[in-house]
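With my numbering, you'll find the sequence shown wraps up at 615, consecutive numbering, no jumps.
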Amino acid sequence: MPRSQKPTLLYFSSRPLRGHRKRLAAILLAFLATQAIAAATKPTTTDIQWLNRITFGVDSATLARFQQLGRARFLDEQLAAMNEALPPPIAATIGQFEVERTPSSDLVREASTQQQHIRAMPDGEAKIAARKALRQHGQQLAYQTTSAEMLRAIYSPAQLKEQMIWFWLNHFSVFENKANLRWLVADYSARAIRPHALGHFRDLVMATLTSPAMLQYLDNARNANGHANENYARELMELQTLGVGAGYTQTDVQQLARILTGVGVNFSDRTPHLKPQWQALYVRDGLFEFNPARHDFGDKVLLGHTINGSGFDEVKQAVDLIVRQPACAQFVSRKLATYFVADEPPPALVKRMAKTFQRSDGDISAVLRTLFESIELEQSLGKKFRDPMQYIVASMRLAYDAHPITNPRPIINWLRVLGEPLFGHLAPDGYAMGESAWSGSGQISRRFDIARAIGSGKSKLFDGNDANSAPAATVPQLSSKLYHAAIEPHLSAPTKAALARAESQVEWNTFLLASPDVNYR
């Protein structure tokens with residue numbers, strides 16, 4: 095080979111060429127540094143398990159971002175929810191939903207008008223058909239709301255925020271089949287929960303307190319001076335802020351109910367006629383209304399503190415008082431630790447989280463940072479059983495790895511089959527987060543069936559595809575680059591043995607998705 099054709103890095107003359115050697119040394123050093131960085135960022139089993147806590151489940155984008163940033167910066171990014179951009183096909187699907195495009199006030203007013211029209215109709219088949227059509231419209235809106243929530247949970251890069259949205263939707267639970275809530279749950283998620291999921295707990299409480307969905311669900315829309323309804327006041331203290339045994343009394347519940355009189359909804363576009371002295375005290379925000387004509391203006395004593403009758407400002411004072419109680423910091427911290435760490439969370443961790451809660455005035459992100467940087471979380475990795483929502487979202491992220499589905503209905507049906515449909519819990523206590531609630535033999539059997547449905551590619555997730563999308567019955571290839579990088583190196587011996595016995599790709603997929611390695615995180 096002529097000298098001119100020899101590879102530059104392999105050719106050296108007999109004369110000392112110091113410039114070439116310096117350049118070669120620089121190249122070698124750069125190469126070695128690159129290799130060192132790659133080795134340092136190669137995820138360990140602990141890294142993957144940690145990612146499975148901070149996200150619903152690892153996918154390729156999550157893994158790549160973690161390797162680029164490292165644990166500390168990845169946590170910073172997730173706590174700030176810096177990137178919430180959905181893949182364009184998913185954003186387009188959600189954007190087509192009527193419930194996303196139409197204000198809830200318009201939806202509810204239209205439904206109210208139709209209800210009035212139906213009541214005025216003579217009995218007969220036409221009236222029955224009109225009622226059925228209205229009911230089906232409400233069901234369609236609720237389906238769209240749940241679809242949007244599930245698609246965001248699966249595809250959003252802001253995975254910690256999506257987990258917290260699910261956590262708070264369950265903590266401040268509402269039931270879509272009561273009254274007209276099917277027309278309101280989208281607004282509840284979008285305006286009450288999402289903007290405050292990583293913010294201050296006080297703002298979150300106020301947002302749920304002024305949400306038409308919550309006020310309808312827990313009957314505070316009927317709470318008026320002389321006709322007190324204590325339902326919401328009791329659940330606000332017992333289930334949402336202070337917890338059972340926090341030192342408050344039945345008298346405190348009654349006093350809070352008095353404070354909440356007049357806090358309700360107005361589904362019309364008209365402002366009530368008020369006495370002149372009340373007009374300045376009237377509050378209206380969308381469908382939410384504080385009507386001073388329905389309020390008890392007497393002084394109240396809540397948790398040992400006097401709150402003078404002054405209108406809606408009493409509500410703000412009461413919420414400030416409640417969320418600054420040490421019991422509130424302890425209660426919320428324990429629930430967060432139960433969700434992320436263990437069914438019986440370590441008391442020392444809960445205590446540190448509660449201190450952060452109080453020091454930061456209820457900053458949810460600060461409390462989560464204390465949790466995610468704790469040794470207790472590290473020691474619990476791989477031992478937390480996924481509830482149905484976590485299991486289904488994690489399975490979808492692993493099986494389809496950002497490939498956009500076009501039909502979320504099977505996912506919603508799987509949640510129903512597993513007993514955890516969104517907005518489907520009748521009581522206000524929300525779904526249980528402990529393993530015992532979801533690890534029975536019937537639940538595991540149903541999870542196996544869902545694993546087979548996902549692993550076979552026959553679940554109709556791609557019905558209605560355009561010509562460029564994968565066929566509806568395509569078997570997902572779970573033995574992918576993601577699997578070999580983030581899953582296979584960390585599988586337990588029993589799972590590896592089961593996979594080795596699989597006789598088809600579908601069976602292999604099913605075994606993986608049904609394995610303890612996917613059911614636990």
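Built from N, CA and C at the ideal position, the CB exists for glycine as well.
Applying the 10 Å Cβ sphere with the 16-neighbour rule, what's the burial state of residue i?
{"i": "Thr-345", "result": "exposed"}
{"i": "Asp-281", "result": "buried"}
{"i": "Leu-520", "result": "exposed"}
{"i": "Ala-591", "result": "exposed"}
{"i": "Pro-96", "result": "Because the pLDDT at Pro-96 is just 39, under 50, the model does not fix this residue reliably, and the value given afterwards should be weighed accordingly. By the neighbour-count rule (16 or more Cβ atoms within 10 Å), Pro-96 is not buried but exposed."}
{"i": "Trp-144", "result": "buried"}
{"i": "Ala-132", "result": "Annotation note: pLDDT 40 at Ala-132 (below 50); position unreliable, coordinate value reported separately. Ala-132 is exposed by the Cβ-count criterion."}
{"i": "Arg-213", "result": "exposed"}
{"i": "Lys-255", "result": "buried"}
{"i": "Ala-587", "result": "exposed"}
{"i": "His-265", "result": "buried"}
{"i": "Arg-595", "result": "exposed"}
{"i": "Lys-477", "result": "exposed"}
{"i": "Thr-139", "result": "exposed"}
{"i": "Val-152", "result": "buried"}
{"i": "Arg-469", "result": "It should be pointed out that residue 469 corresponds to Ile in this sequence rather than to Arg. Exposed is the call here."}
{"i": "Glu-178", "result": "exposed"}
{"i": "Ala-628", "result": "The requested residue 628 is not part of the displayed model; the chain covers only 95 to 615."}
{"i": "Glu-408", "result": "buried"}
Quick check on residue i: does DSSP put it in helix, strand or coil?
{"i": "Ile-212", "result": "helix"}
{"i": "Ala-619", "result": "Here the chain comprises residues numbered 95 to 615, so residue 619 is not present and cannot be evaluated."}
{"i": "Phe-160", "result": "helix"}
{"i": "Gly-476", "result": "coil"}
{"i": "Arg-378", "result": "strand"}
{"i": "Glu-219", "result": "helix"}
{"i": "Asp-170", "result": "helix"}
{"i": "Phe-384", "result": "strand"}
{"i": "Gln-129", "result": "Residue confidence is low: Gln-129 scores 39 on pLDDT, short of 50, so the model does not pin down where it sits. Its coordinate-derived value is still stated next. Three-state DSSP puts Gln-129 in a helix."}
{"i": "Ser-550", "result": "helix"}
{"i": "Ile-184", "result": "helix"}
{"i": "Asp-200", "result": "helix"}
{"i": "Ser-573", "result": "coil"}
{"i": "Phe-65", "result": "Any answer about residue 65 is impossible in this case: the structure gives the chain only from 95 up to 615."}
{"i": "Glu-639", "result": "Outside the displayed span of the chain (95 to 615) sits residue 639, for which this structure offers no information."}
{"i": "His-389", "result": "coil"}
{"i": "Asn-274", "result": "coil"}
{"i": "Tyr-342", "result": "coil"}
{"i": "Lys-369", "result": "coil"}
{"i": "Glu-329", "result": "helix"}
{"i": "Asn-562", "result": "Below a pLDDT of 50, predicted positions are generally treated as unreliable, and Asn-562, at 48, falls in that range; the measurement from the model is reported next regardless. Note: Asn-562 maps to coil in three-state DSSP."}
{"i": "Ala-124", "result": "Caution applies to Ala-124, whose pLDDT of 42 falls short of 50 and renders its modelled position unreliable; the model cannot decide the point."}
Please determine, among the options, the residue with the shortest C-alpha to C-alpha distance to residue i.
{"i": "Ile-486", "options": "Gly-189, Phe-160, Leu-607", "result": "Leu-607"}
{"i": "Glu-243", "options": "Arg-229, Gln-230, Phe-261, His-231", "result": "Phe-261"}
{"i": "Gln-452", "options": "Arg-491, Thr-149, Ala-423, Glu-438", "result": "Ala-423"}
{"i": "Phe-361", "options": "Arg-285, Asp-437, Glu-204", "result": "Glu-204"}
{"i": "Glu-383", "options": "Gln-334, Asn-323, Pro-366, Gly-551", "result": "Pro-366"}
{"i": "Ala-545", "options": "Ala-488, Pro-588, Met-527", "result": "Ala-488"}
{"i": "Ala-404", "options": "Ile-548, Arg-316, Pro-386, Val-417", "result": "The sequence given here places Ser at residue 404; Ala does not occur at that position. When each option's Cα is compared against that of Ser-404, the closest is Pro-386."}
{"i": "Asp-611", "options": "Arg-480, Leu-509, Leu-303", "result": "Arg-480"}
{"i": "Val-417", "options": "Ala-158, Phe-406, Ala-340", "result": "Ala-340"}
{"i": "Leu-298", "options": "Ile-581, Met-527, Gln-334", "result": "Gln-334"}
{"i": "Glu-617", "options": "Asn-603, Arg-463, Phe-425, Trp-602", "result": "Outside the displayed range of the chain (95 to 615) lies residue 617, so it cannot be described from this structure."}
{"i": "Ala-291", "options": "Val-202, His-584, Gln-253", "result": "Gln-253"}
{"i": "Ser-411", "options": "Gly-151, Leu-350, Asp-543, Ile-184", "result": "Note that residue 411 corresponds to Gln in the displayed sequence, not to Ser. Answer by Cα proximity: Leu-350."}
{"i": "Asn-507", "options": "Ser-199, Thr-240, Leu-585", "result": "Thr-240"}
{"i": "Asp-523", "options": "Pro-289, Asn-325, Leu-235, Leu-228", "result": "Asn-325"}
{"i": "Ala-158", "options": "Lys-136, Ile-469, Gly-398", "result": "Lys-136"}
{"i": "Gln-310", "options": "Ala-318, Asn-319, Ala-301, Lys-272", "result": "Lys-272"}
{"i": "Gln-484", "options": "Ile-458, Ser-459, Pro-498, Gly-528", "result": "Gly-528"}
{"i": "Gly-380", "options": "Leu-368, Glu-178, His-389, Arg-364", "result": "Arg-364"}
{"i": "Arg-428", "options": "Leu-443, Leu-415, Gln-419", "result": "Leu-443"}
{"i": "Gly-536", "options": "Ala-526, Ala-374, Phe-168, Val-511", "result": "Val-511"}
From the DSSP output, read off the bridge partner residues of residue i.
{"i": "Val-395", "result": "Thr-400"}
{"i": "Tyr-614", "result": "Phe-479"}
{"i": "Asp-457", "result": "His-294"}
{"i": "Gly-358", "result": "Glu-383"}
Using a C-beta cutoff of 8 Å, does residue i count as contacting chain B?
{"i": "Ala-175", "result": "In summary, chain B is missing from the structure at hand, where a single protein chain is found."}
Ignoring anything shorter than 4 residues, give me the alpha helix (DSSP H) runs that lie fully in the stretch 217–272, in order along the chain.
Within the stretch 217–272, the complete alpha helix (DSSP H) runs of at least 4 residues are 219–249, 253–265.
What ranges does the beta strand (DSSP E) occupy inside the stretch 480–525, keeping only unbroken runs of at least 3 residues that lie completely in it?
Whole beta strand (DSSP E) segments, 3+ residues: zero.
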